[in-house]
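**Q** FYI, the numbering for the sequence shown is 0 to 201, going by numbering that gives the first Met the number 0.
From the three backbone atoms N, C-alpha and C, an ideal C-beta is built for every residue, glycine too.
Quick one: structure below, then a few questions.
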Amino acid sequence: MEEIWYTDLSDQELWSRLINGDEGALAFIYNTWFPSLYKYGMKLHADSSRVKDCIHDLFATLWHSRANLSVTDNIRFYLFASLKRNIAKHIRKEGIFSLFGSLGIDNHSHMPSHEQKLIDEQSLDEQKRKLRRVIDQLPKRQKEILYLRYYEGLSTQETAEIMSLSVNSTYVLLSKALNYLKNHSGELMVLIIFWGDQHTSF
């Protein structure tokens, strides 16, 4: 029996195996993307159980409807867009949208001493708290667009499709969010860029 190394497959190859009924491909996709899907789902709705149910429903639908799936070369984008649709069907709009609950920025810079490292870490923690307070003041849609672009590393086109916006509208919305952060956080804006660079592979 052929031994398949799913990690060596491209998104298109992996998706094709799913379409052709490969249960191992489904399990690999689930295990690979569940953590990221769960984080995104929790930005859309604060009910952990409901988010997990929506993710499980998504994968159940993928398997049972696999013969009707179209080929994709970007599994992350497909799953994110599908999960958002699932959540929209099962929850009310007034669900709490707590984006950026944890920025998850790690400081990997070289420190000349243990004492200096502690000082720098405390300073970074304070900057993160300040930035989080500014982000919390943004409207829900602006939080979402920042999350998709800078945390998940999706392209503008992908972000537009997930959010059901035109590309031009996406640029406008993103510009509003970034301008607000620039005007209210000053030098803290660099944390957004650094934070996004550290997570583009998620």
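Evaluate the contact criterion for the segment 68-85 versus the segment 175-185: three or more CB pairs, one atom per stretch, below 8 angstroms.
**A** no
**Q** What is the residue span of the alpha helix (DSSP H) that isoleucine 74 lies within?
**A** Along the sequence shown, read from residue 1 onward, the residue named residue 74 stands at position 75. Per DSSP, isoleucine 74 belongs to the alpha helix (DSSP H) from 74-89.
**Q** Across the segment 39-52 and the segment 10-29, are there enough close Cβ pairs to call them in contact, namely three or more that are closer than 8 angstroms?
**A** no
**Q** For aspartate 72 versus aspartate 10, is the C-beta distance shorter than 8 angstroms?
**A** Position 73 of the sequence shown, counted from the first residue, corresponds to residue 72. Position 11 of the sequence shown, counted from the first residue, corresponds to residue 10. In this structure, aspartate 10 lies closer than 8 angstroms to aspartate 72 by Cβ.
**Q** Please work out which residues of its chain come closer than 8 angstroms, Cβ to Cβ, to phenylalanine 76, disregarding the five sequence neighbours upstream and downstream, and give them in chain order.
**A** Here residue 76 refers to the residue found at position 77 when the sequence shown is read from its first residue. The residues are Leu153, Glu157, Glu160 and Ile161.
**Q** If you draw a straight line from the C-alpha of lysine 142 to the C-alpha of lysine 175, how long is it?
**A** Along the sequence shown, one-based indexing puts residue 142 at 143. Along the sequence shown, one-based indexing puts residue 175 at 176. One C-alpha to the other measures close to 11 angstroms.
**Q** Given a cut-off of 8 angstroms on the beta-carbon distance, is the pair valine 50 and serine 15 in contact?
**A** Reading the sequence shown from its first residue, position 51 is the one you call residue 50. Reading the sequence shown from its first residue, position 16 is the one you call residue 15. Contact: no.
**Q** Please report the Cβ distance between arginine 84 and isoleucine 18, rounded to the nearest whole angstrom; I am assuming they are in contact, meaning their Cβ atoms lie under 8 angstroms.
**A** Stepping through the sequence shown from its first residue, residue 84 is reached at position 85. Stepping through the sequence shown from its first residue, residue 18 is reached at position 19. A Cβ-Cβ separation of about 20 angstroms leaves arginine 84 out of contact with isoleucine 18 under the 8 angstroms criterion.
**Q** Rounded to the nearest angstrom, what separates leucine 68 and leucine 61 at their Cα positions?
**A** In the sequence shown, residue 68 corresponds to position 69, counting from 1. In the sequence shown, residue 61 corresponds to position 62, counting from 1. Each residue's alpha carbon lies about 8 angstroms from the other.
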